[in-house]
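Working notes, structure below.
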Amino acid sequence: MTGSSMIYDFSLVFPMIFYIGCFAFLAYFMVNAIRFLKRKDLHDKELLQKMDELIKCHNQLSDKKIN
């Protein structure tokens, strides 16, 4: 017998590493997307509250100008 008895079949290892890497990237992407959407929702709510306050102030000022 010649050579090493321990032979790796790289034709199976490389695709497996590729699929594990793709899965890890997708999991990372999904976690970051969910975190981003949660922060965006919070910021959108704050923006809507500020817009409501500005509209109220604008309406009060316009009512004072009319009277």
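If you want our numbering, it's the position in the sequence shown, counting the first as 1, plus 10.
From the three backbone atoms N, C-alpha and C, an ideal C-beta is built for every residue, glycine too.
Note that this is a predicted model, so its numbers are computed, not measured.
heavy atom of the ligand FMN below 8 angstroms from residue i C-beta
i: HIS53; result: Among the components of this structure there are no ligands whatsoever, and the ligand FMN is therefore not found.
Own chain residues within Cβ distance below 7 angstroms of residue i, not counting five before or after
i: GLU63; result: none
i: LYS60; result: none
### Query
Can you give, in chain order, each stretch of the beta strand (DSSP E) that sits fully within the stretch 11-75 and has at least 3 residues?
none
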